[in-house]
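Numbering-wise, numbering that gives the first Met the number 0 puts 325 at position 326 of the first sequence, and it's gapless, one number per residue.
For each residue, glycine too, the CB sits at the ideal point set by N, CA and C.
These numbers come from a predicted model, not from an experiment.
What follows is a set of notes on a single structure, which appears directly below.
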Amino acid sequence: MAVQSIKGFKDLLPSETERWGQIEREARRLFSLYGYEEIRTPILEFTEVFSRSIGEVTDIVEKEMYTFPDRDGRSVTMRPEGTAGVVRACIEHALPSKSPAHKLFYMGPMFRHERPQAGRLRQFHQIGVEVLGPSGPSVDVEVIALLADILDSLEVRDGSLLLNSIGCPVCRPDYLASLRAFLEERRDRFCENCRRRIAANTLRVLDCKVPACREATADAPAFSQHLCPACDAHFDAVRRGLTGLGIDFVPAPRLVRGLDYYTRTTFEWVTDRLGAQNAVAAGGRYDGLARALGGPDLPGSGFALGVERLVSLCAGPLPPPQPLAFFALLGEEAAGLADPVVRRMRREGIRVERDLLGGSLKSQLRRADKAGASLVVIIGDEEIKRGAAVVRDMNEKTQTESSLSDLGEIIARRLRPSSSGQ
RNA sequence: GUGAGCGUAGCUCAACCGGUUAGAGCACUGGACUGUGGCUCCAGGGGUUGAGGGUUCAAGUCCCUUCGCUCACCCCA
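Below, the structure written as structure tokens:
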């Protein structure tokens with residue numbers, strides 16, 4: 000059998016890359032409007048960057064990372080998410096000392112060795128933002144508004160924003176203790192997984208899908224009732240901020256995050272149109288991350304958006320391509336005459352295709368039609384004798400003849416009938 | 001990592017209870033129209049039926065192994 004791509008690694012063919020391009024352009028446009036700057040960090044990092052930030056006991060670190068010894072023996076890992084590398088870079092380049100606030104975005108591939116399924120790949124792509132420095136609630140609100148605007152600009156509107164607060168190092172221990180006590184009391188009502196989680200990943204029990212577990216936790220203590228005054232005020236301000244912007248959200252007391260570094264605000268944009276993987280974007284505040292990486296206190300807030308998942312939700316129209324002129328050429332001599340014209344037109348910003356396959360005029364016209372050409376320039380022996388070219392309008396089915404020297408200007412004028420101001 | 005389903009042409013799918021030369025639509029190429037696209041009609045190229053083994057007079061079809069894909073669990077973007 001011929002060689003194939005690796006399981007969970009997908010090719011993006013031209014039929015799909017247009018949508019990707021649209022998404023990336025829209026995102027970049029909004030990032031620029033919001034004042035976010037791009038950062039590009041390496042795909043490969045020392046393993047500690049992830050194990051120390053994401054959390055040693057998470058699934059990602061325990062069994063999903065592409066980790067291997069580099070040739071010099073040091074353990075390296077292909078990034079499973081974007082935040083850790085961005086924060087590492089900020090610490091390494093002492094960004095906090097250069098400016099008290101950094102608003103960054105990134106886009107690119109992430110890698111997790113999971114079993115592929117709908118909406119889940121081993122190489123997948125995220126677009127994300129990180130705001131490093133400011134710790135106030137308005138940062139969380141801005142980040143969520145930015146996410147909402149990206150989705151809105153792509154006409155992805157049916158879905159909901161889940162919002163929660165998971166406290167901070169001040170209030171979380173108390174809450175965890177009372178939650179754990181609550182769970183322990185009804186330990187025998189939980190699935191095997193959850194029994195293990197009670198000690199290992201207490202918050203996760205709240206998020207279990209097993210109905211019996213859901214029932215057992217129906218009246219579990221909610222974090223929102225146990226927040227310390229500072230976290231409570233922060234959460235309240237985020238909610239008021241979102242309401243003020245007209246951004247709907249649903250309080251989700253069970254929404255927890257799998258990654259250790261989250262504090263306070265946590266949110267997720269979910270839809271029911273994606274199969275089992277319902278999260279399109281997720282994020283929150285991670286005030287403890289920079290310290291975990293050995294850096295200074297550096298509050299952060301951001302989100303990551305799954306591009307593949309977003310693509311499958313996008314049904315809106317793609318931007319129409321620039322009008323196209325197509326050269327149908329019969330014979331070597333015609334090609335020799337046409338090529339300089341074609342090149343000149345391209346350098347002037349006109350979209351021009353030149354037939355490369357040859358064959359009958361009929362087959363070249365067929366290709367021109369399929370390529371979506373609005374004008375076709377035909378040059379054959381008869382035209383060469385007259386030093387001319389036939390210009391066929393594919394929509395009107397009309398033809399005119401013009402001299403080779405005027406060709407460029409005539410095509411340019413006809414392809415941009417009204418927007419000559421450009 | 002666990003479980004289930006599915007692998008037939010480039011794509012989407014047929015092929016009865018196992019039966020003789022594996023078909024169709026779309027796509028592609030050519031012709032009708034010798035230099036004029038889309039529509040129509042005609043023709044043509046394309047297959048190790050995922051791979052390997054077994055049962056049988058006979059396997060796309062049944063059995064085993066293996067590879068791949070898909071979906072779900074888990075987890076997450």
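Cβ separation of I22 and V306, assumed to be a contact under 8 Å, to the nearest whole Å:
Between I22 and V306, the beta carbon gap of about 6 Å places them in contact (Cβ cut-off 8 Å).
Please report the distance separating the alpha-carbon of T440 from that of N200.
No answer is possible for residue 440: it lies beyond the span of the chain, which begins at 0 and ends at 421.
Any idea what DSSP makes of T264, helix, strand or coil?
Looking at T264 - three-state DSSP - the assignment turns out to be strand.
According to DSSP, is I410 part of a helix, a strand, or is it coil?
Here I410 sits in helix by DSSP.
Helix, strand or coil: which one does DSSP assign to N192?
Helix.
With H, G and I counted as helix, E and B as strand and the rest as coil, what does DSSP make of T46?
Helix.
Count the other CB atoms within 10 Å of the CB of G20; is the residue buried (16 or more) or exposed (fewer)?
Exposed is the label assigned to G20, since fewer than 16 other Cβ atoms lie within 10 Å of its Cβ.
Top-ranked residue by Cα proximity to T397, from S404, P322, R413:
Each of S404, P322, R413 was checked against the Cα of T397, and the nearest Cα belongs to R413.
Give the secondary structure of Q3 by DSSP, where H, G and I count as helix, E and B as strand, and everything else as coil.
In the three-state reduction of the DSSP assignment, Q3 falls in the coil class.
Would you check if the distance between the CB atom of S300 and the CB atom of T264 is smaller than 8 Å?
Result yes, Cβ atoms of S300 and T264 sit closer than 8 Å.
Span of the beta strand (DSSP E), counted from its first residue to its last, around D392:
Under the DSSP assignment, D392 falls in the beta strand (DSSP E) whose first and last residues are 387 to 392.
Which listed residue (D173, P68, A198, R238) has its alpha carbon closest to that of P136
The closest CA to that of P136, considering only D173, P68, A198, R238, is found on R238.
Note down the Cα distance separating D218 from P228, rounded to an integer number of angstroms.
Going from the Cα of D218 to the Cα of P228 covers about 23 Å.
Best match in R39, F302, G294 for proximity to R256 [C-alpha to C-alpha]
Looking at the Cα atoms, F302 is the closest of the given residues.
Exposed unless 16 or more other CB atoms sit within 10 angstroms - verdict on Q506
The requested residue 506 is not part of the displayed model; the chain covers only 0 to 421.
Collapsed DSSP secondary structure at H124 in the structure displayed
In the structure shown, H124 sits in a strand (DSSP, three-state: E or B).
Assuming Y65 is part of the beta strand (DSSP E), what are its boundary residues?
It spans 65 to 68 - the beta strand (DSSP E) in which Y65 sits, taken as one unbroken run.
Below 8 Å on the Cβ atoms is my contact criterion, and I expect F325 with A337 to pass it. Report the Cβ-Cβ distance as a whole number of Å.
F325 to A337, Cβ: 11 Å. No contact.
Considering only C-alpha positions, which residue in the set E183, V48, E55 is nearest to A88?
Ranked by Cα distance from A88, the first of E183, V48, E55 is V48.
Does R114 pass the burial test, meaning 16 or more other C-beta atoms within 10 Å, or should it be called exposed?
Taking a 10 Å sphere around the C-beta of R114, we find fewer than 16 other C-beta atoms and assign the residue as exposed.
Same chain, Cβ closer than 7 Å to T216, neighbours up to 5 away in sequence not counted:
Take T216, set aside five residues on each side of it, and the residues of its chain with a beta-carbon closer than 7 Å to its own are V204, L205, in chain order.
So what does DSSP say about F30, is it helix, strand or coil?
Of the three classes helix, strand and coil, the one that applies to F30 here is helix, per DSSP.
Put L364 into one of helix, strand or coil per three-state DSSP.
The answer is helix: DSSP assigns L364 an H, G or I state.
Helix, strand or coil for I53? Go by DSSP, reduced to three states.
The answer is helix: DSSP assigns I53 an H, G or I state.
Taking Cβ to Cβ, would you say S52 is nearer than 8 Å to A291?
Yes, Cβ-Cβ distance for S52 and A291 is below 8 Å.
Quick check on DSSP: helix, strand or coil for E347?
It is coil, neither helix nor strand.
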